[in-house]
Structures are given as C-alpha cells and as structure tokens.
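Protein chains: 2
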Amino acid sequence: MHYPEPISRLIDSFMKLPGIGPKTASRLAFFVLTMEEDSVLTFAKSLVDAKRELTYCSTCGHITDVDPCHICQDPRRDRSMICVVQDTKDVIAMEKMRDYNGLYHVLQGAISPMDGIGPEDINIPALIQRLHNDEVQELILATNPTIEGEATAMYISRLVKPSGIKTTRIAHGLPVGGDLEYADEVTLSKALEGRREL
Amino acid sequence: MHYPEPISRLIDSFMKLPGIGPKTASRLAFFVLTMEEDSVLTFAKSLVDAKRELTYCSTCGHITDVDPCHICQDPRRDRSMICVVQDTKDVIAMEKMRDYNGLYHVLQGAISPMDGIGPEDINIPALIQRLHNDEVQELILATNPTIEGEATAMYISRLVKPSGIKTTRIAHGLPVGGDLEYADEVTLSKALEGRREL
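Here the protein sequences line up with chains A and B, keeping their order. 190 is the number that the numbering used here gives to position 190 of the first sequence; each next residue is one higher, with no gaps. Here the numbering used here = 1-based position in the second sequence + 1000.
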C-alpha cells in the first residue's frame, strides 16, 4: 500500500500538467485535501467549463466563449488593421498594453519545417481569406522573434505583398529596462539596424 | 477584456494552489484547453473524489478511504509498536522503506508555541488514549528533526514515561550519501554523539 486510491488518482491527474513532477503533484494533491469542499467543487467545475465552453473564434482563431469573439464583434475596433500573432496568450499580452485598437489573427503556431509544420497546418488560409475583405489596409506581423516566427512572418509577407496590403513587422531591439552589456549579439545588431533619428 | 470568463475562472482556481503564481496558472489553464475532454473530466472527478472520499483514520489519523485505515486493519502488522509522525506524507515515506511493520500515529502537526499550536491542537490526546491498550510496548518518536519536532517528541516522551512504555527517538546523524565536509555543525555533533561501536 502506498497512497489511498483517490489521492493517487488525483496525483496522476496533476502529473499530466506540464512542469509538474511526482513531488509537486503529491504536494498539490495533499493541499486539495485541506481546501474547503466548495473551493474544490469550483475548481473541478472551472476545469470542465473551460474545456467545454471555450472554442476558437471562427474569424480570428482567438480563444473565446462566444463566436465571433468579443474583439471581432467590437464595433469600436479599427477594422483596417490586423495584428498576426502565434498564440492566444500573445493577444492577451497585446491587449494588456492597451495601445492597439485593431483586430487580431491567431495562427496557433508557426511554420517549422523541422517539426513538419507547414503553412497549411497553422491558421494561414483563414488569414488570406480575411484579406479579401476590402477593409484591411495593414497587416502587422507580430510573430515571435525566433527562427520559426521570422520564417512565418517572411512567408506571410511574401504571400500578401501582391495584393498591395501594407505588411509591417514589429521592431526588434533592446527590451526596455534591459542592459546593453548583457544583450546578445543578434539583438544588439537588430537594435543598431533599427535605429531611428531623434 | 482580458481572458474569456471560463479561462480566467480556471486560472483563479489554479492560483489557489501553493507555489502557483499568475504565470504558471495561466500556462496550466491553457494546457487544460489542449487536453482531451476525457482527461479533463477525469481530472475534475479525481479532485472531487479525493476531497469527498478521503477522511482521517479515527484510530491513527492517517488519511484513508476506509475507517479504520488499511494499516490499522492489517492483522499482519505488529501491534506492539506505534511510530509517531507529524504528517500523512511521513507515513508514506516510512512505508516506502518497507523496514517497519508496526502501526502509526499521525499528529497532523507539531507543537509550536510561536504559532500558538499546543499539545491539544494536534492529535496527541488520541495517542494517549491508544496507549491505554495493553498491546503497545514501544513508541517510536519519528517527528521531524526541527525545533518543533524535537519539542513534540520531548513532550510526548515525558507524558508517556510514567506509564512504563518504552519511548525511542529515531537517530540523527549524517544522511547516507551525504558529505561530512558539507554537514552543518548540529548534525555533525548529533552524529558524533550517536556513534556506535562496530
């Protein structure tokens, strides 16, 4: 005998989550036993609800509980701009900034030949479909500054160029609060390349 | 708008767990969205089951799904020994060792005047009750080697002494595989004090 059956089942469930090993899982499971029954029920319900009620917006691919999502539905949004990001969490990061008022397009990934992910495996066809709409004037490519993100931005920009829609890429450079001394060479070179007159 | 309602509720639930901050909680919540619906349902059910089906053994205080627990019920166990530990997880650690075949008593804590925890706030009265049974011949005090654990062991040993039951304390010394060079002074002093003839 090790753990009683119900707790070892709970430990197994926690261990399926990313970054949670056997020790953390058992710590979390024992913590659940000390929680109020109401909180545990709320936790269980929120798990099931999140899985069942959430879906991807059929327009932009952002995660949402209504379709189209709140952003696509919002009449105050500037429909002439679409910001292309890799992930739902990137939309949240952009929204926290409060400086952008256009629409989004979530790719749910990036082109990565090494992993066998091509343009048709991510949300690119739907993006091209959206561009047929006359409203769109600028496509802001905000994929991550990684090899995959750059390749994806490059691919989309080449695909869109013939249509005459302006495509821009977010700036690369030193992060605010960062230290020049500790910046890697590629970032520093990008920062120099992207210098602007004051 | 930040996260859709169902996911922010799930993030809140994850954040109630120990050692999980907003970033980890949102990473876990988004991971749940990518899980199979069946796994999510199993997870939710295991949470509720663990909370509802588990209780503390009325004899020894160990966590269990039957009362008395499997260990207290087991006829092959040596009923002349009770090993006193602070926590349910300590029972699991002892059981993993497979060298001990007696019974347990889980205190669910330790005496800690600083936190206002006295002998009556932990599972000591039930222990004294069990000792009235003639079967018990030895009480092994396996509380943690901390100030609170030592104080608890000392308190119990003084309480039990008049009854003539043998009370022993687990040994303190260098952990196996440890390095003398890195041992702290208190551990080293305990190791020297507890030396045995070969």
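C-beta atoms are modelled at their ideal positions from N, C-alpha and C, and glycine is treated no differently. This one's a predicted model, so the numbers in the text were calculated from it and none came from an experiment.
For isoleucine 1082 (chain B), the enclosing beta strand (DSSP E) covers residues 1078 to 1085.
Taking the C-beta atoms as reference points, isoleucine 1111 (chain B) is found nearer than 9 angstroms to alanine 1151 (chain B).
With contacts defined by Cβ atoms closer than 9 angstroms, arginine 1027 (chain B) and serine 46 (chain A) do not form a contacting pair. A Cβ-Cβ contact shorter than 9 angstroms links alanine 1126 (chain B) with glycine 1061 (chain B).
Taking a Cβ-Cβ threshold of 7 angstroms, the residues of chain A close to tyrosine 1003 (chain B) are Ile92, in chain order.
Cβ neighbours of methionine 94 (chain A) within its own chain (closer than 8 angstroms, five residues either side excluded): Cys83, Val85, Tyr100, Tyr104, Ala142. At a beta-carbon threshold of 8 angstroms, none of the residues of chain A lie near aspartate 1099 (chain B); the nearest stands roughly 15 angstroms away. Not a single C-beta of chain A is nearer than 9 angstroms to the C-beta of arginine 1077 (chain B). Within 8 angstroms of the CB of serine 46 (chain A), the CB atoms of chain B belong to Pro1006, Arg1009, Leu1010, Asp1012, Ser1013, in sequence order along the chain. Taking CB atoms only, glycine 21 (chain A) has no neighbour in chain B less than 9 angstroms away. In the DSSP annotation of this structure, valine 176 (chain A) is not part of any beta strand (DSSP E), being labelled neither H nor E. The beta carbon of lysine 1016 (chain B) sits closer than 9 angstroms to some beta carbon of chain A. In the three-state reduction of the DSSP assignment, arginine 1169 (chain B) falls in the strand class. Selection B:Arg1196, B:Gly1164, B:Ile1165 evaluated against alanine 1171 (chain B) yields B:Arg1196 as nearest (Cα-Cα). The region 1126 to 1137 of chain B and the region 1075 to 1082 of chain B touch, with no fewer than 3 CB-CB distances between them shorter than 8 angstroms. With fewer than 16 other CB atoms across the displayed protein chains lying within 10 angstroms of its CB, leucine 1180 (chain B) is exposed.
At a cut-off of 9 angstroms between beta-carbon atoms, methionine 1081 (chain B) makes no contact with chain A. A distance below 8 angstroms between beta-carbons, with the five flanking residues on each side excluded, links arginine 1077 (chain B) to the following residues of its chain, in chain order: Ile1071, Asn1101, Gly1102, Leu1103. Chain A places a beta carbon closer than 9 angstroms to that of threonine 1088 (chain B), counting this residue as a contact. Listed along chain B are Tyr1003, Pro1004, Ile1007, Phe1030, Leu1033, each with a C-beta nearer than 9 angstroms to that of isoleucine 63 (chain A). Among the bridge pairs identified by DSSP, glutamate 1138 (chain B) is matched with B:Met1081, B:Lys1166. Taking a 10 Å sphere around the C-beta of lysine 1096 (chain B), we find fewer than 16 other C-beta atoms and assign the residue as exposed. The beta-carbon of serine 58 (chain A) is placed no less than 9 angstroms from the nearest beta-carbon of chain B.
Inter-residue distance for proline 75 (chain A) and aspartate 1049 (chain B) is about 46 angstroms (C-alpha atoms, whole angstroms). From the beta-carbon of aspartate 49 (chain A), the residues of chain B found nearer than 8 angstroms are Pro1006, Arg1009, Leu1010.
A distance of 9 angstroms or more separates the beta carbons of leucine 1017 (chain B) and valine 66 (chain A).
For isoleucine 1063 (chain B), the beta-bridge partners assigned by DSSP are B:Tyr1056. Residue burial is scored here from C-beta neighbours: lysine 1051 (chain B) has at least 16 other C-beta atoms within 10 angstroms and is therefore classed as buried. Annotation: isoleucine 1122 (chain B) to glycine 1109 (chain B) spans about 6 angstroms, alpha carbon to alpha carbon.
In the structure shown, the three-state DSSP call for isoleucine 1117 (chain B) is strand.
The C-beta distance from isoleucine 1124 (chain B) to leucine 1107 (chain B) rounds to 7 angstroms, short enough to fall under 8 angstroms. Collapsing the DSSP output to three states places histidine 1132 (chain B) in coil. Counted as a single uninterrupted DSSP element, the beta strand (DSSP E) harbouring leucine 103 (chain A) occupies residues 102 to 106. In this structure valine 1160 (chain B) does not touch threonine 1168 (chain B) by the C-beta definition: roughly 11 angstroms separates them, more than the 8 angstroms allowed. Using a CB distance below 8 angstroms, no part of the region 1099 to 1123 of chain B faces chain A. The continuous alpha helix (DSSP H) containing glycine 149 (chain A) extends over residues 147 to 160.
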